[in-house]
Structures are given as C-alpha cells and as structure tokens.
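J.:
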Amino acid sequence: MAPLEHLAGAARTMAARARLMAGAGLPLGELTHVLADAYGGRPAIDAESDTPALPRRLRTYAALDEDVARLAAAYQAASLGPAQVVAVLCANRIDVLLHVLAVARIGAVPLPLNARLRPEEQAAAVSAAGAKAIVADADAVAPLAALEGMRPLRVLWTGAGGPAPDGAFDLAAWLDAHPDQRAGPVSQDAEAAAILLCTSGTTGRPKVARLTGRGLLGALGRSHALPVGLQRWVRAGRDAVLVALPLTHVMGLGTMVGSLCAGVKVIHLEKFDAARVLDRIERDQPNVFVGVPTMYADLEEAGAAARNLSSIELWVSAADAMPPDRARRFQQYGALVRPGGVRLGTAAFADVYGMVELAGPAAVRFYPPAPRGRELPAIGMVLPGFSARVIGTDGEPRRIGGTGELQLKGKAVFAGYEGSSGVPGDGWFSTGDVARLGPFGTFAFVGRSADRIKVGGFSVFPAEVEEELRGFAGVEELAVVGVPEERLGEIPVALVVARHGFDAEEFLQWAAARVAPYRRPRRAFAVEKLPRGKNAKLDRRSARELARGLAGR
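Following the working numbering from start to finish, the sequence shown increments by one per residue and tops out at 555.
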C-alpha cells in the first residue's frame with residue numbers, strides 16, 4: 003500500500019473508532035459501514051449455523067458490512083424504503099441481527115419479533131407498529147399470515163423454514179441473481195426511531211417501544227456503557243464474547259451491538275444448552291460470557307465447577323437479579339490472567355440492571371477480581387449517562403436511605419411506545435421496581451413491582467396474561483402472580499374464581515395453547531375470592547402471598 007493510501011486508511015480507522023466511542027449521533031443504518039472502517043479484517047462473528055440467504059458462518063467486520071449492504075439492496079429491489087416499519091421473524095440465527103441492520107440501512111425501521119410468541123401476540127405487535135412487510139422464515143410466518151387482518155402483510159422469505167410462502171419475495175434467489183448489488187446507508191436523523199422492540203405492558207396489550215439511534219448507540223457505543231465496560235476487560239482483537247441469547251431481546255441485541263462496537267469477536271449460539279456452552283468455553287477460550295441467571299444455574303447443574311473455565315475474565319448477567327453467592331462461585335471458576343498465562347486472581351462478575359425502555363444497561367452491581375481465596379466488596383453504580391432517583395408513595399423524591407419506586411433519566415431512555423406520547427415531560431422513566439437510594443445517585447435494588455414477574459430473565463406483566471385467559475369457561479375472575487422458583491427465579495401462577503367446579507389441569511392446557519411458554523401459568527388454584535384493597539382494586543401483593551402459600555413457596 004502506498005504511504006498516502008496507508009495514511010488515508012489510518013485516518014478513516016481513527017475517525018470511525020471515534021464515532022463508535024461517541025455513539026450519540028450515529029444512526030443505526032450506518033453502523034456496519036463505520037465498523038468496517040474501524041476494524042476491517044478483524045474477526046467479528048462466529049455464528050453457529052449458516053445464514054440461509056448469505057451462507058457464511060465466520061465474518062470479519064468488512065464481510066459483515068458487505069452482507070448487510072447486499073441484503074439492503076435486495077430490500078430496495080422489493081420496494082422497501084425509508085420510514086417503513088419492517089418486522090423480522092425468524093429462528094434465533096445471526097440472521098436476526100443481519101436483517102435488523104440491513105432494514106435500518108435503507109432508512110426503514112426494524113421490528114424484531116420473538117418467534118416464541120404466539121401468532122396472536124406477534125400480530126398485536128405488528129398492528130401496533132404499523133408494519134406492512136415482514137422478513138421471515140416460512141414456518142414462522144405461516145401462522146401469523148393466516149390470522150384475520152394479517153393477510154395484506156408482505157413477506158420477504160429468508161430462505162429457511164420450508165418452501166417460500168406464496169407471493170413472497172425470495173431473498174436468496176435475488177441475491178444469487180445480483181451478486182454485485184450493494185446499498186449504501188440512507189441518511190437518517192439520529193433522533194428518529196431507529197428500532198422498535200416489544201416489551202410487555204400492564205394494560206393487557208403488548209407494547210412496542212421506540213428507540214432512537216442516539217439512545218441505542220449512545221448507550222452501547224461508549225466504552226462505559228458497553229455491556230458492563232466490556233472494553234475494560236477484553237483485549238480487543240484477540241478475545242471473544244460467548245452468547246446464546248435471543249437476539250429479539252434488548253439484552254441479546256445490545257450485547258451483540260456493544261461487543262461489535264468494541265471490536266470484539268462474538269461467538270453466537272442459536273440455542274442455549276449448558277453442556278454445549280461449557281464445551282465451547284473450554285474449546286474456544288472466550289474471555290467474556292453473557293447470560294441470564296437461569297443460564298448460570300443450568301451451567302452449575304451441568305458441572306461448571308469441574309470444567310476448565312479459566313479463560314473467562316468477565317462474567318456478565320442481566321435481565322434479573324443474580325444471587326450473590328452464585329456470582330461469587332463463578333468468579334472462582336474464571337480467572338484474571340496476565341499475558342503468558344500467569345493466573346493473577348479471580349474473574350470479575352457484573353450483574354446488570356436494564357430494560358428495553360432504557361436501551362439496555364443502566365446500572366451494574368460489580369464484583370471486582372480478587373486474589374485467589376479472597377473476595378472484594380461488590381460495587382453498585384449507575385452507568386454514566388443516567389441519573390437515578392427514588393420516589394415515595396406521595397410522589398416526592400426520597401432522601402438517601404429512603405425506599406420507593408426507582409426512576410431513571412438519561413439520553414438513552416426510549417422515545418415512547420407506539421401510539422403513546424412517550425415518557426413524562428420531565429424525562430424520568432418509572433421502572434416499577436423498588437429501590438433504596440444511596441449516596442451520589444446510586445441505588446440498591448430492593449424488590450420487583452408486584453405488577454411484573456421475571457421468568458428466566460423475561461418480563462411478564464400479569465394484566466397482559468390475564469386478558470388472554472379471561473375466555474376460559476366458568477371463570478369469573480382471575481389473577482396471575484409470580485411465585486419463587488429455583489431455576490427460573492419466578493413462575494406465573496393463576497388464582498381463579500370460578501362459577502362452578504374448576505379443573506386446574508384443563509385450564510392449564512387451555513392456557514398453553516394461547517400464551518407463549520414463558521408467560522403462561524405453570525400452576526392454577528381455585529379460590530373463593532381475590533384479595534382487594536380499600537378501593538376495590540386487586541391487591542397484587544396480597545394475591546402473591548396467597549399464591550405462594552398455596553404453592554408451598
């Protein structure tokens with residue numbers, strides 16, 4: 003390479019990395035273009051399975067940008083364009099990420115859908131977002147397209163899940179016929195909606211949250227807000243993050259985007275299997291693993307203590323609170339190692355607090371590495387870019403040491419739900435969780451709102467499930483609450499007031515056909531009446547205690 007070309011290339015690389023570090027102002031549709039300039043031939047993604055339309059398991063950053071540009075060109079050929087909402091519905095392959103980024107590249111707004119949701123639940127999200135087109139696997143989209151009101155939905159076939167649906171645009175065929183076609187990023191406003199993500203609501207209907215490019219990449223692109231300071235604990239260019247998370251969830255998507263912004267290779271597994279994850283850690287030697295508490299419980303059940311996990315320098319958990327004793331054990335399983343293989347101490351562990359409405363991580367409880375056989379105190383902190391406060395039942399902020407509802411504020415806070423005006427005018431987002439305020443704006447997580455159940459890391463809002471279950475014959479009233487469960491953290495349980503004899507097993511089978519597996523009740527109990535407060539509203543806290551007693555928890 004000539005000296006001037008070398009200098010020009012170096013300048014592009016430096017400029018691209020500066021944009022990634024700043025994050026704010028970088029539209030999602032430009033991300034892979036900037037990543038290619040920043041990291042070029044560095045390994046980016048090691049996917050477990052081939053992408054049907056673009057078969058390639060190992061991708062450099064340059065190859066990632068090329069694949070996204072080719073998909074974007076295919077979308078344009080299918081007459082998709084700026085401001086349109088395009089749903090993405092396929093198995094948890096790396097396709098989800100590629101299609102999300104390619105949709106954003108043409109100026110459209112991606113809506114990734116969880117394939118585990120029931121067709122009716124997916125349809126509600128599609129309708130709320132106003133999507134008219136969907137990139138989908140054949141088997142995943144068939145039940146959705148068959149629903150009343152979904153027939154005008156235009157389908158772009160990923161090439162997976164069976165033969166192409168009737169009338170679908172065949173992405174693989176178009177790409178084969180046009181190998182040289184590429185689409186450059188369409189100019190976008192970083193304050194406009196960059197992506198729509200589904201989140202459970204409390205009104206009985208699913209909510210679709212709008213995240214801006216400034217919010218999403220401003221949170222994940224800065225070094226302090228990569229998944230728990232990822233850059234601080236990895237040797238970028240040589241190391242890898244192992245993940246087996248759903249890419250339609252803000253945690254899985256955020257981990258992928260944050261890791262790529264850091265220039266780190268991601269080893270992505272389509273499905274979580276504890277024994278296979280342990281095998282891959284021993285074989286591939288990643289130094290970061292990101293999961294949810296349920297995964298960590300399964301890893302221990304599968305014999306983590308007896309495996310060689312010393313390559314892991316940072317364990318990351320999110321989506322639900324991690325039991326401190328388990329976090330401490332995993333610190334011992336991993337290691338802090340200096341070049342040359344000398345083991346200096348235990349691994350670090352980061353227990354992250356975040357949610358869709360916050361564009362991912364907002365706070366962390368960090369267990370620092372320590373000499374072998376020792377433990378250092380965990381440190382709780384709000385991530386830079388966020389402010390925290392605790393509000394009492396009187397609506398007034400609490401002083402240090404006070405307990406109440408946690409509220410967070412920052413540029414990463416979402417732009418609102420589809421069909422609503424968004425967050426309050428003062429910008430404070432109410433999380434629904436209970437916290438104790440600490441010094442310097444820190445907080446300690448005390449408990450979960452009675453209106454939210456966490457099942458294996460997924461948020462389940464009772465009112466949403468209750469609305470779907472009211473049609474069971476003979477049911478006068480019902481309440482869905484969470485009870486503790488060792489592996490999943492909590493499971494939904496139904497309390498049912500019935501007009502006549504109630505068959506719990508029949509009810510649970512009926513519910514299983516209508517509600518996604520992680521959201522449906524696992525147990526049901528007949529009760530004479532539901533506990534209510536002075537205003538006659540359901541007293542969820544009392545209902546939860548009643549259910550725990552009936553379930554023996």
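All C-beta atoms, glycine included, are put in the ideal place defined by N, C-alpha and C.
#1: So R123 and A518 are supposed to be a Cβ contact under 8 Å. How far apart are they, rounded?
#2: Taking DSSP as the reference, what is the three-state secondary structure of A227?
#3: Have a look at V102, T34, H270, G31 and flag the residue whose alpha-carbon is nearest the alpha-carbon of E50.
#4: Any contact of the region 436 to 449 with the region 171 to 180, i.e. 3+ C-beta pairs under 8 Å?
#5: Just verifying my parser: in three-state terms, what is the DSSP assignment at S544?
#6: Which residue comes first and which comes last in the beta strand (DSSP E) that contains W430?
#7: In chain order, what residues of the same chain have a beta carbon less than 6 Å from the beta carbon of A71, not counting five sequence neighbours either side?
#8: Since M383 and A365 are thought to touch, with beta carbons under 8 Å apart, how far apart are those beta carbons, to the nearest angstrom?
#9: Report the partner residues of Y335 according to the DSSP bridge assignment.
#10: Go through its chain and collect everything with a Cβ distance to A500's Cβ below 8 Å, but skip five positions before and after it.
#11: Tell me whether the beta-carbon of V482 lies closer than 7 Å to the beta-carbon of E492.
#12: Expressed to the nearest angstrom, what Euclidean distance is found between the alpha-carbon atoms of L316 and R59?
#13: Beta-carbon within less than 6 Å of H502's beta-carbon, same chain only, minus the 5 sequence neighbours each way: which residues are those?
#14: DSSP on Q190, reduced to helix/strand/coil?
#15: Check each candidate in R534, L408, G387, L385 and name the one with the smallest Cα separation from I393.
#16: Return the Cβ separation of L158 and L173 in integer angstroms, given the expectation that the two are a contact with Cβ distance under 8 Å.
#17: Within the same chain, show all residues whose beta-carbon is closer than 7 Å to that of A133, passing over the 5 residues directly before and after it, in chain order.
#18: What residues in its chain sit with their C-beta under 7 Å from that of A74, if we drop five residues either side in the sequence?
#19: Would V495 pass as a contact of P533 if the rule is Cβ separation under 7 Å?
#20: Which residues in the same chain have their Cβ closer than 6 Å to the Cβ of N310, if we skip the five residues on either side of it in sequence?
#21: Measure the C-alpha to C-alpha separation of V339 and P379 and round it to an integer number of angstroms.
#22: I think G362 touches A349, with their Cβ atoms under 8 Å apart; what is that distance to the nearest whole Å?
#23: For T205, which of helix, strand or coil comes out of DSSP?
T.: Taking the definition as stated:
#1: Arg is not the amino acid found at residue 123; the sequence shown has Glu there. About 6 Å; that satisfies the 8 Å criterion.
#2: Interpretation of A227 is limited by its pLDDT of 38, a score under 50 that renders its predicted location unreliable; the figure taken from the coordinates is listed afterwards. A227: helix per DSSP, three-state reduction.
#3: H270
#4: no
#5: helix
#6: W430 -> no beta strand (DSSP E), and no H or E assigned at all.
#7: R184, A185
#8: 7 Å
#9: DSSP lists no partner for Y335.
#10: G476, V477, E478, A528
#11: no
#12: 25 Å
#13: G476
#14: coil
#15: L408
#16: 6 Å
#17: V87, V88, A89, L113
#18: A104, R107, I108, A185
#19: no
#20: E284
#21: 20 Å
#22: Rounded, the Cβ-Cβ distance is 22 Å, inconsistent with contact.
#23: Confidence at T205 is low in this model, with a pLDDT of 42, below 50, so its placement is unreliable and the value that follows should be read with caution. In this structure, T205 counts as coil in the three-state DSSP scheme.
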